[in-house]
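Colleague: Let me give you the structure first, and then I'll get to my questions.
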Amino acid sequence: MTTATQTPVGAAEGHIDPAALVASVVPVQTRSERPTSFDPGDFGVPSGREVNWKLTPVGRLAPLFVDEAGVEGVMRVEVSAPAEVVQQRLRVGDAPRGERFRPEDLTAALAWTHEPEAPLLRIPANVELDEPIVVRLTGTGGLAHAHVVIEAQPNSRGTVVLRHEGSAHHAQNVEILVRDGADLTVVSVQKWDDDALHASSHQARVDRDAKLTHVVVSFGGGVVRVNPSVELSGAGSEGRLYGLSFADAGQHLESQVYLHHKGPHTVGDVLYKGALQGENARSVWIGDVLIGHDATGTDSYEANRNLVLTDGARADSIPNLEIETGDIQGAGHASATGRFDDEQLFYLQARGIAEDEARRLVVLGFLTEIVQRIGIPELETELIEAIERELAEGAAA
177 MTTATQTPVG
187 AAEGHIDPAA
197 LVASVVPVQT
207 RSERPTSFDP
217 GDFGVPSGRE
227 VNWKLTPVGR
237 LAPLFVDEAG
247 VEGVMRVEVS
257 APAEVVQQRL
267 RVGDAPRGER
277 FRPEDLTAAL
287 AWTHEPEAPL
297 LRIPANVELD
307 EPIVVRLTGT
317 GGLAHAHVVI
327 EAQPNSRGTV
337 VLRHEGSAHH
347 AQNVEILVRD
357 GADLTVVSVQ
367 KWDDDALHAS
377 SHQARVDRDA
387 KLTHVVVSFG
397 GGVVRVNPSV
407 ELSGAGSEGR
417 LYGLSFADAG
427 QHLESQVYLH
437 HKGPHTVGDV
447 LYKGALQGEN
457 ARSVWIGDVL
467 IGHDATGTDS
477 YEANRNLVLT
487 DGARADSIPN
497 LEIETGDIQG
507 AGHASATGRF
517 DDEQLFYLQA
527 RGIAEDEARR
537 LVVLGFLTEI
547 VQRIGIPELE
557 TELIEAIERE
567 LAEGAAA
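Heads up: the sequence shown runs through residues 177 to 573, numbered per the numbering used here.
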């Protein structure tokens, strides 16, 4: 395990190097420095003071910190895939499992350890899928672990949709490999029951001239924490990371996003939007972008926008940008959280639209920007209807 603290140099000889002592107590400051390990024992149970857990309700997630195998059959899995898709099971040591993935926290290490045979979904080289691969995961109550590997081989094109429903305490890893020239879309939809707990680590590598579109949609669940980490390793690679959430009373919906520009002439676009309504509705977004030493010609931007619809809701938004080379096309970040724009409401009401309808139109207009980027008409329609239901339930409450 790469540790955040070390024994100060010279301690064994009876003296301490002051510089080493400072290094030993300074906490991890950047996402790229976080310790990793496949051994759950190398991670302590989170206290909530750690940099990657400080905004997470760790007490509510306690069932996911137990080092024990999940109950067989808790997650019902249905896979709908075109005939060209290769499906296999990968034990630890079987390529490409672990080619990219390195657990950064306890739940990811537990999911790795307690998934003896990880399912692989592979789109073969030069294959372009006409229909998406849909994986429906339905929880029936209890603890469940998963490590899923998605591979788009060179010059392939396809979409994978992970749909989460029902009730479970689910620790999940998703490892994504986008080979040279491939174009892959991965959509993770969380429509859990209100008592579900879900902690998921998505880690992806995008190779030369390849493109990954990654979308996180969180509507249901008690605590849902989906953290995507994308490395643009190949020259000319692209990463489009989008997110949509709608938090109701008592829900905690969280994403910690990491985009690492590693290769030259890479392009990154991060946009997450969220709406919140109800007492103690909570959303957390932390966005980290690292433009590495060799990432010359990079063009990158990240933004998070939140719309607070009622009193008692809270949105935390923290964008971070680290640049290690001056030879880039551009980079920036932005964050905004607020209530309804009174001017927008006035404009609509001045044209004869009732206030409730005006508010509905503003929220739909705000959130559908993300929905329309998914590229699956049936899913887009379903999500628009889900937003409508959330608004109607909020108005009724």
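In this text, a Cβ means the ideal position worked out from N, Cα and C, and glycines have one as well.
All values derive from a computational prediction rather than experimental measurement.
Determine the closest residue to Phe522 out of Glu531, Arg225 and Gly514, with distance taken between C-alpha atoms.
Modeller: Translated into positions along the sequence shown, residue 522 becomes position 346. Comparing Cα positions, the closest option is Glu531.
Colleague: Thinking just about the alpha-carbon of each residue, which of Arg535, Met251 and Ala479 is nearest to the one in Gly463?
Modeller: Counted from its first residue, the sequence shown places residue 463 at position 287. The option with the nearest alpha carbon to Gly463 is Ala479.
Colleague: Is the beta carbon of Leu266 closer than 9 Å to that of Ala347?
Modeller: Residue mapping note: residue 347 aligns to position 171 of the sequence shown, counting from 1. Residue mapping note: residue 266 aligns to position 90 of the sequence shown, counting from 1. It is not a contact, given that the beta carbons lie outside the stated cut-off.
Colleague: Using CA coordinates, which residue listed in Val247, Gly396 and Arg278 is at the minimum distance from Leu420?
Modeller: For this step, residue 420 is matched to residue 244 along the sequence shown. With distances taken between Cα atoms, Leu420 lies closest to Gly396.
Colleague: Taking the CB atoms as reference points, tell me whether Ala491 and Asn456 lie closer together than 9 Å.
Modeller: On the sequence shown, residue 491 is found 315 positions in, with the first residue counted as 1. On the sequence shown, residue 456 is found 280 positions in, with the first residue counted as 1. It is not a contact, given that the beta carbons lie outside the stated cut-off.
Colleague: Indicate whether the contact test is met: 3 or more Cβ pairs, each with one atom in the region 298 to 311 and one in the region 238 to 257, closer than 8 Å.
Modeller: Counting Cβ pairs under 8 Å, three or more are found: they touch.
Colleague: If I measure Cβ to Cβ from Pro233 and keep anything under 7 Å in the same chain, skipping five residues before and after, which residues do I get?
Modeller: Here residue 233 refers to the residue found at position 57 when the sequence shown is read from its first residue. Contacts found: Val399 and His428.
Colleague: How would you label Asp424, buried or exposed, when you count the other beta carbons within 10 angstroms and need 16 or more for buried?
Modeller: Counting from one through the sequence shown, the residue named residue 424 turns up at place 248. By the 10 Å Cβ count, Asp424 comes out buried.
Colleague: For Ala358, tell me which candidate among Ser413, Leu319 and Gly317 has the shortest Cα-Cα distance.
Modeller: Here residue 358 refers to the residue found at position 182 when the sequence shown is read from its first residue. Answer by Cα proximity: Ser413.
Colleague: The alpha helix (DSSP H) spanning Trp288 covers which residue range?
Modeller: Position 112 of the sequence shown, counting from 1, holds the residue named residue 288. Trp288 -> alpha helix (DSSP H) spans Leu282 to Thr289.
Colleague: Does DSSP put Asp464 in a helix, in a strand, or in coil?
Modeller: Indexing the sequence shown from 1 puts residue 464 at position 288. Here Asp464 sits in strand by DSSP.
Colleague: Look up Glu558 in the DSSP assignment and say whether it is helix, strand or coil.
Modeller: Residue mapping note: residue 558 aligns to position 382 of the sequence shown, counting from 1. Helix.
Colleague: Please list the segments of the alpha helix (DSSP H) lying wholly inside the region 348 to 416, counting only runs of 4 or more residues, in order along the chain.
Modeller: Listed in chain order, nothing qualifies, since the region 348 to 416 has no complete alpha helix (DSSP H) run of 4 or more residues.
Colleague: In the DSSP assignment, find the beta strand (DSSP E) that holds Arg481 and state where it starts and stops.
Modeller: Working through the sequence shown from its first residue, we reach residue 481 at position 305. Element bounds for Arg481: Asp475 to Val484.
Colleague: Looking at the structure shown, is Val198 part of a helix, part of a strand, or coil, going by DSSP?
Modeller: Residue numbering aside, residue 198 sits at position 22 when the sequence shown is read from its first letter. Its pLDDT being 45, under 50, Val198 is placed unreliably by the model, and the measurement read from it follows with that caveat. Note: Val198 maps to helix in three-state DSSP.
Colleague: What residue from Ala284, Pro404, Val247 and Ile504 has the CA that sits closest to Gly439's CA?
Modeller: Reading the sequence shown from its first residue, position 263 is the one you call residue 439. Residue Ile504 is the option with its Cα nearest to Gly439.
Colleague: Over the uninterrupted alpha helix (DSSP H) stretch that includes Gly541, give me the two end residues.
Modeller: Within the sequence shown, residue 541 is the residue found at index 365, counting from 1. From DSSP, the alpha helix (DSSP H) with Gly541 extends over Glu531 to Val547.
Colleague: For Val402, tell me which candidate among Asn349, Leu388 and Ala386 has the shortest Cα-Cα distance.
Modeller: For the purposes of this step, residue 402 is identified with residue 226 of the sequence shown, where counting begins at 1. Among Asn349, Leu388 and Ala386, the Cα nearest to that of Val402 belongs to Asn349.
Colleague: Just the C-alpha distance for Gln366 and Ser332, rounded to the nearest angstrom, thanks.
Modeller: The count along the sequence shown starts at 1 and reaches residue 366 at position 190. The count along the sequence shown starts at 1 and reaches residue 332 at position 156. Taking the straight line joining both Cα atoms gives about 27 Å.
Colleague: Let's test the definition: count the other Cβ atoms within 10 Å of the Cβ of Glu554 and tell me whether it reaches 16, buried, or not, exposed.
Modeller: By 1-based counting over the sequence shown, the position of residue 554 is 378. It is exposed - the Cβ of Glu554 has fewer than 16 other Cβ atoms within 10 Å.
Colleague: Report yes if the CB atom of Tyr418 is closer than 9 Å to the CB atom of Thr389, and no otherwise.
Modeller: Taking the first residue of the sequence shown as position 1, residue 418 is located at position 242. Taking the first residue of the sequence shown as position 1, residue 389 is located at position 213. For Tyr418 and Thr389, yes; Cβs fall inside 9 Å.
Colleague: From Leu282 to Thr212, what does the alpha carbon distance come to, in whole angstroms?
Modeller: Walking along the sequence shown from the start, residue 282 turns up at place 106. Walking along the sequence shown from the start, residue 212 turns up at place 36. When rounded, the distance between both Cα atoms is 10 Å.
Colleague: Exposed or buried, which one is Asp383 when buried takes at least 16 other CB atoms within 10 Å?
Modeller: Within the sequence shown, residue 383 is the residue found at index 207, counting from 1. Its Cβ being crowded by 16 or more others within 10 Å, Asp383 is buried.
Colleague: By the DSSP assignment, the alpha helix (DSSP H) with Leu237 in it spans what residues?
Modeller: Locating residue 237 in the sequence shown gives position 61, where the first residue counts as 1. Segment: none, Leu237 is in no alpha helix (DSSP H) and carries neither H nor E.
Colleague: Find out if the Cβ-Cβ distance for the pair Leu297, Val261 is shorter than 9 Å.
Modeller: In the sequence shown, counting from the first residue as 1, residue 297 sits at position 121. In the sequence shown, counting from the first residue as 1, residue 261 sits at position 85. Yes; because the gap between Cβ atoms is below 9 Å, this pair is in contact.
Colleague: For Ala457, name the three-state secondary structure that DSSP assigns.
Modeller: Here residue 457 corresponds to residue number 281 of the sequence shown, with the count starting at 1. Looking at Ala457 - three-state DSSP - the assignment turns out to be coil, as it is neither helix nor strand.
Colleague: Would you mind stating whether Trp288 and His345 have Cβ atoms separated by less than 9 Å?
Modeller: As a first step, residue 288 is located in the sequence shown; it is residue number 112 there, counting from the start. As a first step, residue 345 is located in the sequence shown; it is residue number 169 there, counting from the start. No, these two residues do not count as a Cβ contact at 9 Å.
Colleague: Do Val465 and Ala507 have their beta-carbon atoms positioned less than 9 Å apart in this structure?
Modeller: Residue 507 sits at position 331 when you count from the first residue of the sequence shown. Residue 465 sits at position 289 when you count from the first residue of the sequence shown. In contact: Ala507 and Val465 (Cβ atoms closer than 9 Å).
Colleague: For Ser376 and Gly246, I'd like the C-alpha separation in whole angstroms.
Modeller: Here residue 376 is taken as the residue at index 200 of the sequence shown, counted from 1. Here residue 246 is taken as the residue at index 70 of the sequence shown, counted from 1. Answer to the nearest angstrom: the Cα atoms are 15 Å apart.
Colleague: Kindly indicate which three-state DSSP category Gly444 falls into: helix, strand or coil?
Modeller: Residue mapping note: residue 444 aligns to position 268 of the sequence shown, counting from 1. Looking at Gly444 - three-state DSSP - the assignment turns out to be strand.
Colleague: In three-state DSSP terms, what is Ala328?
Modeller: Sequence index remark: in the sequence shown, residue 328 carries index 152 (1-based). Ala328: strand per DSSP, three-state reduction.
Colleague: Indicate the three-state DSSP secondary structure (helix, strand or coil) for Pro216 in the structure shown.
Modeller: Walking along the sequence shown from the start, residue 216 turns up at place 40. DSSP places Pro216 in helix when its eight states are reduced to three.
Colleague: Just reading off the alpha helix (DSSP H) that Gln525 is part of, what are its end residues?
Modeller: As a position in the sequence shown, residue 525 is number 349, starting the count at 1. Unbroken alpha helix (DSSP H) run through Gln525: Asp518 to Gln525.
Colleague: So the candidates are Leu286, Ser476, Gly249 and Glu566; which of them puts its Cα closest to the Cα of Arg536?
Modeller: As a working mapping, residue 536 is identified with position 360 in the sequence shown. Answer by Cα proximity: Glu566.
Colleague: Between His469, Val393 and Glu430, which lies nearest to Glu545 when the distance is taken from Cα to Cα?
Modeller: Taking the first residue of the sequence shown as position 1, residue 545 is located at position 369. Nearest of His469, Val393 and Glu430 to Glu545, Cα basis: Val393.
Colleague: Using DSSP bridges, identify the partner residues of Phe422.
Modeller: As a position in the sequence shown, residue 422 is number 246, starting the count at 1. Beta-bridge pairing links Phe422 to Ala451.
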